[in-house]
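K.L.:
Chains as they are written, first to last, in the numbering used here: chain V, 2 to 363; chain E, 2 to 363; chain F, 2 to 363; chain D, 2 to 363. Built from N, CA and C at the ideal position, the CB exists for glycine as well. Here the structure is a predicted model, which is why all the values come from computation and not from measurement.
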């Protein structure tokens with residue numbers, strides 16, 4: 002058990018930050034669908050580093066090579082495999098990470114789990130870079146969902162206490178609009194303030210976290226399963242694959258804890274001959290199953306743990322406390338780059354459920 | 002895909018609220034461990050209804066019969082199966098639920114998904130009653146974890162805005178203490194106020210939600226896997242099996258969105274010759290893997306959707322809006338009864354990871 | 002990993018020969034299908050012991066109780082669970098099996114695997130009795146396949162060197178006919194001779210093995226997947242769940258080893274406007290996928306290991322060689338009773354593939 | 002479900018014969034084991050084509066590139082991914098295969114399953130070439146098993162009716178010896194006659210099938226699980242992943258059908274202070290679990306379906322019968338090259354069970 006999502010689709014992630022490559026296999030894609038590789042590249046570019054003033058300047062092309070699964074650009078029923086070559090790897094000495102773990106990173110836990118055999122370079126398999134193959138899988142699922150009129154979109158809901166305008170839970174409109182901007186927010190004014198927050202954190206050799214809100218629209222009712230494979234279970238499992246995520250909530254989320262039933266229940270109504278709900282505190286999910294309203298969730302993203310300030314750590318070889326200074330430059334805020342990854346995670350979960358739905362419809 | 006957790010342990014939940022029985026199978030339990038059935042019953046009693054003034058008066062013994070998997074009270078390596086008989090079932094006419102779905106329930110989504118063939122009586126497979134078999138599995142895992150010195154405990158973190166004293170993230174002490182009380186809180190004073198809130202909601206024919214905090218102590222470092230099978234992924238997937246949960250967060254959770262890296266990173270230190278962290282905003286998990294600190298998470302529980310007040314719904318047969326009044330009495334707050342279920346979900350996830358850990362240690 | 006088939010359907014087998022019950026859960030059945038419980042009982046009766054002169058006189062009703070998954074006799078989308086109570090259990094002392102393992106049984110390997118904690122009574126989870134829940138699952142799948150015009154039938158292909166008339170590979174007719182007889186053969190004359198062979202073995206306190214041939218007709222082309230989930234992989238995995246099976250072959254099977262390509266390839270032809278093959282040495286499977294011809298396979302069943310003759314064994318406690326005499330009466334030949342179990346295994350595999358096929362057709 | 006083995010190890014196969022690459026991912030390998038890439042290459046060379054007079058002259062280096070999962074040549078706990086580039090692909094026009102399927106191949110069934118979107122070039126994902134990534138996974142497992150003193154070896158048991166000397170079931174000696182020869186047999190004399198048979202088939206534009214026998218020695222007792230995950234189930238599932246295999250049998254296999262219990266049961270005895278069996282008709286497996294004796298099985302391999310003789314087929318577009326002549330040269334017998342693939346399949350299954358065994362030993 003590790004880096005595999007095993008449902009109607011099976012998505013296998015592999016690679017380390019400084020291995021020859023990172024990549025993904027997707028087993029279970031239906032045959033006969035054209036994949037737009039330019040659109041996929043554009044989606045990956047939203048996650049790629051080094052493109053602006055709020056992310057790390059490491060420049061990786063993040064250009065996937067599709068090794069299999071397509072014939073003449075169309076899914077052929079065979080597993081799709083794609084790789085992204087790592088470039089400029091092993092350029093520095095990472096051996097210190099084996100002895101002095103970085104706070105907030107997996108260096109220590111990997112050391113314990115793998116007995117020192119783990120690949121420490123650049124965080125190895127725990128690097129945020131591993132979200133790129135997740136985006137390949139998710140980007141393909143997004144395209145296949147779009148064929149069915151289903152849109153997946155996300156935006157920065159807040160950074161450092163500055164909130165973006167939320168999606169309207171009942172009628173969010175085109176939820177892919179924020180993702181078409183360099184800085185994916187609904188309100189550019191809020192976005193400008195967020196960027197100031199990020200710049201401030203960077204200037205102080207620090208980092209900052211944030212919230213991401215994601216919506217899926219155009220969904221039919223009836224997707225998902227009770228108990229362990231509801232939409233919440235599937236999405237949460239995939240979104241927590243993003244290293245920095247520490248919380249996931251659906252619809253009204255944590256605020257339900259303070260509500261009464263009469264305030265939280267979404268009344269049913271008829272709109273345009275369809276069963277709808279007047280409000281959407283359920284986030285489009287009842288009993289784990291989509292109800293035809295927009296599916297809405299939020300993910301909490303922690304501040305980048307790599308900061309340039311001196312930090313307290315320990316030497317594992319000497320079992321004594323030491324001060325650690327992390328070299329290099331890092332994203333002062335990974336939230337903007339995590340937005341497409343959240344979309345990718347949602348798209349995989351939703352497309353997986355859609356495949357099952359089709360089977361059951363027959 | 003549905004009501005199955007498939008890892009080193011495979012837990013299969015079955016049953017409907019008014020079927021002959023509900024139950025669970027657990028495949029993968031190691032052989033040779035005595036199961037204390039009295040302790041298991043005591044654990045199930047914490048979830049059982051009808052025992053006090055804050056829960057539904059439906060009285061079910063919730064006494065599991067172990068059908069297989071034990072020989073002379075000891076796990077024998079074969080799959081363990083247990084059932085709880087439903088009593089006094091089908092006592093009323095539920096057919097109206099097929100036409101007029103209850104807001105906040107799965108009636109509508111089940112109708113769409115199963116084309117009207119779903120078992121509507123008492124919510125069928127979507128009933129909160131299905132958390133009883135989850136508690137059988139979790140209660141057994143709790144016992145097996147206790148053999149290793151690992152404790153799983155939870156308490157009501159808040160109800161209706163009234164907060165209990167949180168677990169100390171670094172040194173929470175005996176986290177099973179709240180669960181030994183009829184009303185599982187740390188501060189009985191806060192508990193008394195929560196019960197007033199519940200009584201108030203009941204008097205107003207309404208319901209109220211809340212938060213549950215869970216901790217796992219005594220864990221070795223090194224449990225869990227990167228990406229899709231980290232402790233967050235496993236626990237979230239299981240906790241979202243509880244019908245009313247709408248959010249899950251680990252450690253500092255959603256508050257990380259407002260923190261800086263220098264505030265959020267937990268500094269490493271040496272305590273009693275062990276690597277520890279001074280703070281525990283990570284909730285004991287780094288890179289999906291336990292770091293030896295207490296594992297901490299919270300779940301948001303929505304207010305019981307069944308309320309006696311008139312609600313807006315629709316007639317699916319006539320496709321018109323109608324007013325629904327739900328008969329019968331229901332828990333005005335399910336949070337107290339959900340506390341052991343959250344423990345059960347955590348125990349399954351942690352024990353599953355522990356089994357894998359043992360394999361890897363060799 | 003153990004007693005679970007995990008595909009589009011998940012079938013979980015549980016129970017021990019002398020536990021309170023044996024049973025099965027089936028997750029993933031589509032909703033809305035009526036299950037004929039009388040027909041299911043009739044199918045289980047074909048496997049049940051004690052009904053004639055060639056099987057063990059242990060009399061078990063083998064009447065399943067459906068605990069969940071049905072509402073008004075119709076699949077409701079929730080997992081189906083069924084149990085068969087064990088009666089007259091623990092009537093003798095089985096403790097000697099823990100020390101002196103029976104040749105040909107799992108007593109020794111279970112002792113090693115479970116460290117002595119295994120349930121030895123009647124073979125525990127390794128008992129042939131555990132094929133009864135497999136037949137519950139398979140019997141239900143057979144009914145659901147029959148709705149689609151797909152028939153699953155098997156017969157005794159040989160016992161003790163006496164061969165039945167094989168199914169015609171290209172046009173086997175109604176393959177369920179043999180299963181409607183008390184002794185499931187095509188040629189009753191051959192059957193009579195087989196029964197003499199069985200009677201002879203019984204008289205000599207011995208047992209005898211045999212072959213079972215199974216066919217599935219009415220299949221559409223296109224079921225199954227390449228490599229690990231082809232029809233051969235799925236069926237073999239399920240058929241080897243029958244404790245006595247030691248070999249599985251498809252179509253021409255082991256004879257292909259002596260054929261030339263020009264002899265073995267099935268020429269394509271057009272029949273009634275359909276693509277067919279003139280011969281069917283492939284057993285209806287090409288590349289793991291059904292080709293629309295009858296699916297054909299055979300399973301080799303070993304002679305019942307429980308024989309009344311003295312046998313050489315060892316005392317595990319004293320680590321010395323001893324002579325073992327097994328008490329009680331046992332089937333001198335389990336092949337007749339294994340015929341419906343082979344059908345059940347095939348039906349599960351085929352229905353699982355059919356569910357996937359439906360998804361892909363959309 | 003498709004090209005994935007999902008157990009303690011998850012092995013994912015991808016690629017098409019003429020896609021950019023074929024490859025494999027292996028998730029679940031324990032960290033800290035050095036992989037000998039030269040030995041792996043030598044193992045792959047046993048399967049590679051074009052090296053002698055009995056195989057196809059297509060020359061592919063079959064040199065895997067390890068993309069991830071190793072750090073400094075040692076398993077690092079992250080999923081291992083490896084690819085083999087396809088060279089000289091798309092060199093001819095395969096479009097005719099879409100219309101006129103080759104007898105004995107998956108052309109027709111893939112056409113139906115994938116609706117014409119399948120990759121037809123060189124058989125696509127159904128090509129025997131896909132056994133190369135299976136050999137990467139199996140070759141690595143073989144090395145890891147060898148660390149534990151477990152040897153996996155196979156030989157040609159027969160071709161065209163000429164039988165090799167079988168492994169001694171009780172004491173087969175070094176079972177890896179045949180694999181060290183260019184033509185993997187025990188008796189070179191038998192091997193010489195087999196090569197004449199192959200040459201004869203080639204001269205007559207035909208092909209020939211055969212049997213492969215495989216043994217695993219040095220196994221501890223206690224590996225495997227009851228029912229669905231016994232060693233027979235696991236091995237059969239993996240061996241049937243080899244496109245040409247039509248039958249699998251363990252120990253005495255199909256001959257058990259003609260034996261009596263007194264002939265087939267293996268008497269237990271004590272040898273060198275260990276529990277053993279005097280004979281080994283069980284093939285080292287009782288109740289699905291290894292008993293400490295050599296594990297033995299045989300696989301039936303059909304003659305290469307690609308033969309140069311004219312064959313009867315159909316035009317799918319015109320729905321009429323046509324004569325097909327397959328161009329190019331093909332292996333007149335794939336049995337020699339399939340020998341390491343059978344070893345690979347066995348090694349994956351056995352290592353998977355060994356990982357589970359370790360967990361349970363604790």
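#1: Can you pull the chain E residues whose beta carbon is under 8 angstroms from the beta carbon of residue 251 of chain V, in chain order?
#2: Please report the residue range of the beta strand (DSSP E) in which residue 272 of chain V lies.
#3: Assuming contact is defined by CB atoms lying nearer than 8 angstroms, are residue 333 of chain D and residue 199 of chain D in contact in what I supplied?
#4: Please check the pair residue 104 of chain E and residue 267 of chain V, which I expect to be a contact at CB under 8 angstroms, by giving their CB distance rounded to whole angstroms.
#5: Quick check: the Cα distance between residue 258 of chain E and residue 287 of chain E, rounded to an integer number of angstroms?
#6: Any idea what DSSP makes of residue 192 of chain V, helix, strand or coil?
#7: Give me whichever residues DSSP pairs with residue 248 of chain F in a beta bridge.
#8: Starting from residue 263 of chain V, follow the beta strand (DSSP E) in both directions and report where the run begins and ends.
#9: Specify, as a first and last residue, the run of the alpha helix (DSSP H) that residue 137 of chain F falls within.
#10: Suppose you measure from the CA of residue 250 of chain D to the CA of residue 134 of chain V; what does that come to, to the nearest Å?
#11: By the criterion of Cβ-Cβ separation under 7 angstroms, what are the contact partners of residue 109 of chain E in chain F?
#12: Can you name, in chain order, every residue of its own chain whose Cβ lies under 7 angstroms from the Cβ of residue 246 of chain V, other than the five neighbours on each side?
#13: Please report how far the alpha carbon of residue 24 of chain E lies from the alpha carbon of residue 233 of chain E, in whole angstroms.
#14: Residues bridged to residue 18 of chain E by DSSP?
#15: Which residues in the same chain have their Cβ closer than 6 angstroms to the Cβ of residue 171 of chain D, if we skip the five residues on either side of it in sequence?
#16: CA-CA distance, residue 213 of chain F and residue 339 of chain F?
#17: Less than 8 angstroms between the beta carbons of residue 323 of chain D and residue 276 of chain F, yes or no?
#18: Would a C-beta distance cut-off of 8 angstroms place residue 294 of chain D and residue 226 of chain F closer than the cut-off?
#19: Do residue 248 of chain V and residue 248 of chain E count as a contact pair if the criterion is CB distance below 8 angstroms?
#20: Quick one, which of V:13, V:119, V:330 has its alpha-carbon nearest residue 203 of chain V's?
#21: DSSP puts residue 28 of chain D in a beta bridge; with which residues?
#22: Would you verify that the beta carbon of residue 145 of chain E is, or is not, closer than 8 angstroms to some beta carbon of chain C?
#23: Any beta carbon from chain V within less than 8 angstroms of residue 359 of chain F's own beta carbon?
#24: Where do the N-terminal and C-terminal ends of the alpha helix (DSSP H) with residue 47 of chain F fall, by residue?
#25: One question on the structure: do residue 16 of chain V and residue 68 of chain D come within less than 8 angstroms of each other, judged by their Cβ atoms?
#26: Under the DSSP definition of a beta bridge, which residues are partnered with residue 312 of chain F?
#27: State the Cα-Cα distance for the pair residue 313 of chain F and residue 337 of chain F, rounded to the nearest angstrom.
#28: Given a threshold of 16 other Cβ atoms within 10 Å of its Cβ, counted over all protein chains shown, does residue 143 of chain D qualify as buried or as exposed?
#29: Would DSSP call residue 181 of chain F helix, strand or coil?
#30: Listing by chain order, which chain E residues have their CB less than 7 angstroms from the CB of residue 25 of chain V?
#31: Under 8 angstroms between the Cβ atoms of residue 137 of chain E and residue 83 of chain E?
#32: Check the DSSP bridge columns for residue 277 of chain D and list the partner residues they point to.
#33: Is the Cβ of residue 113 of chain E closer than 8 angstroms to any Cβ of chain F?
#34: Quick check on DSSP: helix, strand or coil for residue 347 of chain V?
#35: Using the beta-carbon of each residue, which ones in chain D are nearer than 8 angstroms to residue 119 of chain V?
#36: List the residues that DSSP assigns as beta-bridge partners of residue 86 of chain D.
P.N.:
Well, looking at it:
#1: Chain E residues near residue 251 of chain V: 247, 248.
#2: For residue 272 of chain V, the uninterrupted beta strand (DSSP E) segment begins and ends at 269 to 272.
#3: In terms of Cβ geometry, residue 333 of chain D and residue 199 of chain D form a close pair [threshold 8 angstroms].
#4: Contact between residue 104 of chain E and residue 267 of chain V holds: their C-beta atoms lie close to 6 angstroms from each other, under 8 angstroms.
#5: The alpha-carbon separation between residue 258 of chain E and residue 287 of chain E amounts to approximately 17 angstroms.
#6: Of the three classes helix, strand and coil, the one that applies to residue 192 of chain V here is helix, per DSSP.
#7: Beta bridge pairing from DSSP links residue 248 of chain F with F:301, D:250.
#8: That residue, residue 263 of chain V, is in no beta strand (DSSP E); its alpha helix (DSSP H) goes 262 to 265.
#9: 132 to 148 is the extent of the alpha helix (DSSP H) around residue 137 of chain F.
#10: A straight line joining the alpha-carbon of residue 250 of chain D with that of residue 134 of chain V spans about 41 angstroms.
#11: Among the residues of chain F, none has a CB under 7 angstroms from the CB of residue 109 of chain E; the nearest is roughly 14 angstroms distant.
#12: Cβ neighbours of residue 246 of chain V within its own chain (closer than 7 angstroms, five residues either side excluded): 240, 300, 301, 302.
#13: Going from the Cα of residue 24 of chain E to the Cα of residue 233 of chain E covers about 26 angstroms.
#14: Paired residue(s): none; residue 18 of chain E is not in a bridge.
#15: Non-local beta-carbon contacts of residue 171 of chain D in its own chain, meaning distances under 6 angstroms to residues more than five positions away in sequence, involve 281 in chain order.
#16: The alpha-carbon separation between residue 213 of chain F and residue 339 of chain F amounts to approximately 8 angstroms.
#17: Not closer than 8 angstroms, so no.
#18: Contact: no.
#19: At the C-beta level, residue 248 of chain E and residue 248 of chain V come within 8 angstroms of one another.
#20: Residue 203 of chain V has its Cα closest to that of V:330, out of V:13, V:119, V:330.
#21: The partner list for residue 28 of chain D (beta bridge, DSSP) reads D:11.
#22: Within the model displayed, chain C is absent; protein chains V, E, F and D are what it includes.
#23: Look at residue 359 of chain F: its C-beta is under 8 angstroms from a C-beta on chain V.
#24: First-last of the alpha helix (DSSP H) with residue 47 of chain F: 38 to 48.
#25: In contact: residue 16 of chain V and residue 68 of chain D (Cβ atoms closer than 8 angstroms).
#26: In the DSSP output, where bridge partners are listed per residue, residue 312 of chain F has F:325.
#27: Computed Cα separation, rounded: 28 angstroms.
#28: Counting every other CB atom within 10 Å of its CB across the protein chains shown gives residue 143 of chain D a total of 16 or more, marking it as buried.
#29: Helix.
#30: For residue 25 of chain V, no chain E residue has a Cβ inside 7 angstroms of its Cβ, as the nearest lies near 11 angstroms away.
#31: With respect to the 8 angstroms criterion, residue 137 of chain E and residue 83 of chain E are classified as neighbours on the basis of their beta carbons.
#32: For residue 277 of chain D, which the question treats as bridged, DSSP gives the partners D:270.
#33: It does not: the Cβ of residue 113 of chain E has no partner Cβ on chain F nearer than 8 angstroms.
#34: It is helical.
#35: Those are 32, 72, 77, 78, 79, listed as they occur along chain D.
#36: DSSP output for residue 86 of chain D lists D:22 as bridge partner(s).
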